[in-house]
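K.L.:
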Amino acid sequence: MALEFASPAFDSGRSGQGDLAHAVARIERLGKQLFGVSACTVYLHAADQSGSQAASSAHQFCAQLALTDGLQVVPEKSSPFQAALGKIDNLDVKFYALQPVRSRDGQVIGRIRLIHERPRMFTEGDKHSLLDLVAVLERELHTHANTLSAASAAK
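Going by my numbering, the letters in the sequence shown line up with residues 546 to 700, in that order.
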């Protein structure tokens, strides 16, 4: 018995780089909504090197940030007097969180960033939710890699 999905998000007949871009955009929208932040962006090293990733101001701001091996939250404590950490278009960045994205073998291949114009607390629940969002992204990336490998093997 085959499962049929009405949503184009589950269309297994689609494949290619466009599908990955759609999946990443969906994850960015979910992150922005879930955390109530100004922006949620995904930065993938391979996509950045090939030039295929959109170079929005948010992507450019986060590309310059040092990548750590684990969650990085700046500032660690919320203060109404927090100085701006940077600027994206007309937005003063006063909070960001970075979480590495890993390949199947554990190598850091990118990161998810949450950016906000006001300082905010980042709770334990937020940490768990961000890890869940990263897990969804990593599954999308692994599925995409498997699809490309299968298509190459079939040729």
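Cβ coordinates follow ideal geometry from the N, Cα and C atoms, glycine included.
Below 8 Å on the Cβ atoms is my guess for ARG658 versus ALA642; work out the distance and round it to an integer in Å.
P.N.:
Yes, they are in contact, since the Cβ atoms of ARG658 and ALA642 sit about 7 Å apart, within 8 Å.
K.L.:
Mapping DSSP to helix, strand and coil, what is ARG684?
P.N.:
In this structure, ARG684 counts as helix in the three-state DSSP scheme.
K.L.:
Would you say ALA584 and LYS577 are within 8 Å of each other, going by their C-beta atoms?
P.N.:
Going by C-beta atoms, ALA584 is nearer than 8 Å to LYS577.
K.L.:
Apply the 10 Å Cβ neighbour rule to GLN644 and answer buried if 16 or more other Cβ atoms are within range, or exposed otherwise.
P.N.:
GLN644 comes out buried.
K.L.:
Checking the sheet assignment: what are the DSSP bridge partners for GLN617?
P.N.:
Answer is LEU643, bridged to GLN617.
K.L.:
Return the Cβ separation of ILE572 and LEU693 in integer angstroms, given the expectation that the two are a contact with Cβ distance under 8 Å.
P.N.:
Contact doesn't hold; Cβ gap of about 19 Å is too wide.
K.L.:
Measure the alpha-carbon distance for GLY581 versus GLY615 and round it to whole angstroms.
P.N.:
Rounded to the nearest angstrom, the two C-alpha atoms are 22 Å apart.
K.L.:
Please list the terminal residues of the continuous beta strand (DSSP E) segment that includes VAL653.
P.N.:
Here the beta strand (DSSP E) through VAL653 covers 653 to 661.
K.L.:
Counting along the chain, where does the beta strand (DSSP E) carrying THR586 start and finish?
P.N.:
Note, THR586: beta strand (DSSP E), 584 to 589.
K.L.:
Along the beta strand (DSSP E) that carries ASP637, what are the first and last residues, could you check?
P.N.:
Run containing ASP637: 636 to 638, per the beta strand (DSSP E) assignment.
K.L.:
Let me know if GLY655 comes out buried or exposed under the rule of 16 or more other beta-carbons within 10 Å of its beta-carbon.
P.N.:
The residue in question, GLY655, is buried, as its Cβ has 16 or more Cβ neighbours within 10 Å.
K.L.:
Alpha carbons only, please: which of THR668, GLN652 and ASP564 is nearest the one belonging to THR613?
P.N.:
Answer by Cα proximity: GLN652.
K.L.:
For ARG663, collect the residues of the same chain with a Cβ closer than 6 Å to its Cβ; drop the 5 residues on either side in sequence, then sort them by chain order.
P.N.:
Excluding sequence neighbours, ARG663 sits near LYS639.
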